[in-house]
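J.:
2 protein chains.
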Amino acid sequence: MARQTSSRTVLPTRRVSSGEAEAVCSEHHSGSGAAVEPLELPESQRMAEFFSVLADPTRLRLISLLAGSEFCVCDLAERLGVSESAVSHQLRALRGARLVRYRKEGRQVFYQLHDHHIVDLYGTVREHLAE
Amino acid sequence: MARQTSSRTVLPTRRVSSGEAEAVCSEHHSGSGAAVEPLELPESQRMAEFFSVLADPTRLRLISLLAGSEFCVCDLAERLGVSESAVSHQLRALRGARLVRYRKEGRQVFYQLHDHHIVDLYGTVREHLAE
DNA sequence: CCAATACATGAACATAGGCTCAGGTATTTG
DNA sequence: CAAATACCTGAGCCTATGTTCATGTATTGG
Numbered sequence: 000m001a002r003q004t005s006s007r008t009v010l011p012t013r014r015v016s017s018g019e020a021e022a023v024c025s026e027h028h029s030g031s032g033a034a035v036e037p038l039e040l041p042e043s044q045r046m047a048e049f050f051s052v053l054a055d056p057t058r059l060r061l062i063s064l065l066a067g068s069e070f071c072v073c074d075l076a077e078r079l080g081v082s083e084s085a086v087s088h089q090l091r092a093l094r095g096a097r098l099v100r101y102r103k104e105g106r107q108v109f110y111q112l113h114d115h116h117i118v119d120l121y122g123t124v125r126e127h128l129a130e
Numbered sequence: 000m001a002r003q004t005s006s007r008t009v010l011p012t013r014r015v016s017s018g019e020a021e022a023v024c025s026e027h028h029s030g031s032g033a034a035v036e037p038l039e040l041p042e043s044q045r046m047a048e049f050f051s052v053l054a055d056p057t058r059l060r061l062i063s064l065l066a067g068s069e070f071c072v073c074d075l076a077e078r079l080g081v082s083e084s085a086v087s088h089q090l091r092a093l094r095g096a097r098l099v100r101y102r103k104e105g106r107q108v109f110y111q112l113h114d115h116h117i118v119d120l121y122g123t124v125r126e127h128l129a130e
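Taken in sequence, the protein lines are chains A and B. Numbering-wise, numbering that gives the first Met the number 0 puts 102 at position 103 of the first sequence, and it's gapless, one number per residue. Numbering-wise, numbering that gives the first Met the number 0 puts 39 at position 40 of the second sequence, and it's gapless, one number per residue.
Written out as structure tokens, the structure is:
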């Protein structure tokens with residue numbers, strides 16, 4: 000196990016240097032004077048984009064099916080009760096986020112989860128929502 | 000222009016059970032005939048709603064700051080370079096998802112992460128994106 | 001009490017995203 | 001080849017959402 004949670008945020012060098020005048024409450028920092036830098040904007044955008052892929056019921060249900068076994072597109076569509084077009088669009092998003100992989104067999108395309116990360120996420124969120 | 004969108008068209012609730020064999024490729028199920036049911040729609044919506052809260056750069060940067068220590072609202076606003084109003088709106092979303100907690104001290108409100116779940120998620124996603 | 005600070009909230013505007021529709025590509029079949 | 005199947009994709013419609021702006025509430029200070 001040993002999930003290493005590096006308590007240090009990773010990216011420095013982001014000085015908010017806008018010409019904005021400063022507030023007063025800045026003197027009340029409860030933490031030490033150590034620079035606590037936020038996540039950089041570009042990386043926060045990449046991460047938000049990733050979470051956006053998970054922020055859709057249809058895609059989550061696709062993932063839940065693929066967690067059980069692999070399926071071809073039309074089976075996924077039928078089981079979710081949505082059009083093949085919609086499924087195909089959503090699978091494209093999942094592919095883009097490297098959440099699923101596929102293999103072709105004749106004219107069918109079988110999709111499966113890409114790796115275990117998504118299952119970990121799934122479990123953690125279920126745990127959070129169950130509380 | 001008005002198409003047949005009479006009802007909500009959001010949740011068809013099409014209960015395709017065993018009788019309705021529409022597609023042809025259904026016979027290629029790789030799994031056994033066991034019912035592989037997808038995540039139920041209501042739960043998938045709750046989960047999507049939760050991921051939606053994480054699907055925003057500003058909120059992720061707020062979380063990254065709060066992972067280091069607690070902060071009052073105007074400090075968060077200053078460090079991210081966004082308005083206090085925007086921060087307040089986003090903190091509301093984070094509160095709703097039980098991702099942050101707050102304590103009042105005078106006229107200031109100090110926010111901190113609610114529990115460890117978000118840090119786990121954060122780590123898993125960083126790992127996924129780093130590959 | 002009145003002004004200022006710190007934060008919250010509703011409305012409005014601009015953008016992003018999911019679905020349907022209408023094709024398009026690739027593979028199998030007659 | 002031509003039709004059918006399985007899947008992909010661009011365009012457009014409609015809804016959801018993040019921000020700003022203006023205002024409201026609570027606490028501190030003169």
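By construction, the Cβ of each residue, glycine as well, lies at the ideal position given by its N, Cα and C atoms. Because the structure is a prediction, the values reported are computed rather than measured.
Restricting to Cα atoms, I'd like to know which of B:Tyr-110, B:Asp-114, B:Ser-43, B:Glu-104 is closest to B:Gln-89.
T.: Comparing Cα positions, the closest option is B:Tyr-110.
J.: Consider the Cβ of B:Gly-67: report whether some Cβ of chain A lies at a distance smaller than 8 Å.
T.: At least one chain A Cβ lies under 8 Å of B:Gly-67.
J.: Count the other C-beta atoms from every protein chain shown that fall within 10 angstroms of the C-beta of A:His-127, then say buried if there are 16 or more, exposed otherwise.
T.: Its Cβ being crowded by 16 or more others within 10 Å, A:His-127 is buried.
J.: Alpha carbon to alpha carbon, how far is A:His-116 from B:Tyr-121? Give it in angstroms, no decimals.
T.: Rounded to the nearest angstrom, the two C-alpha atoms are 12 Å apart.
J.: Contact check, A:Cys-24 vs B:Gln-107 under 8 Å by CB: the rounded distance?
T.: Going by Cβ atoms, the distance from A:Cys-24 to B:Gln-107 rounds to 6 Å, so yes, they are a contact pair.
J.: Should the stretch 86-100 of chain B be called in touch with the stretch 51-66 of chain B, which here means at least 3 C-beta pairs below 8 Å?
T.: Yes: the two stretches touch, three or more of their Cβ pairs being nearer than 8 Å.
J.: Taking the straight line between their C-alpha atoms, what separation do you get for B:Ala-76 and A:Pro-37?
T.: About 11 Å.
J.: Mind checking which residues open and close the beta strand (DSSP E) that includes A:Val-99?
T.: Element bounds for A:Val-99: 99-104.
J.: Return the residue from the list B:Leu-93, B:Gly-67, B:Ser-87 that minimises the CA-CA distance to B:Ser-51.
T.: When only C-alpha atoms are compared, the closest one is B:Leu-93.
J.: Nearest CA to the CA of A:Arg-45: which residue from B:Glu-39, B:Glu-42, B:Arg-58?
T.: The candidate whose alpha carbon is nearest that of A:Arg-45 is B:Arg-58.
J.: State buried or exposed for A:Pro-129, treating a residue as buried only when at least 16 other CB atoms are found within 10 Å of its CB.
T.: For clarity, residue 129 of chain A is Ala in the given sequence; the question names Pro instead. Under this definition A:Ala-129 is an exposed residue.
J.: For A:Leu-79, go through chain B and note every residue whose CB falls closer than 7 Å to its CB, in chain order.
T.: Result: Pro-37.
J.: In three-state terms, what does DSSP make of A:Val-108?
T.: Reduced to three states, the DSSP call for A:Val-108 is strand.
J.: Just to make sure I have the definition right: I need the residues of chain B whose C-beta is within less than 7 Å of the C-beta of A:Leu-128. Which are they?
T.: Near A:Leu-128 (Cβ distances below 7 Å), the residues of chain B are Arg-45, Met-46, Phe-49.
J.: Beta-carbon separation of B:Gly-67 and A:Val-35 under 8 Å?
T.: Contact: yes.
J.: Would you decide whether B:Pro-41 is buried or exposed? Buried here means 16 or more other CB atoms lie within 10 Å of its CB.
T.: B:Pro-41 is exposed by the Cβ-count criterion.
J.: Cβ closer than 7 Å: which chain A residues qualify as neighbours of B:Val-54?
T.: Looking at the sequence shown, residue 54 of chain B is not Val but Ala. Within chain A, the residues near B:Ala-54 are Ala-47, Phe-50, Ser-51, Ala-54.
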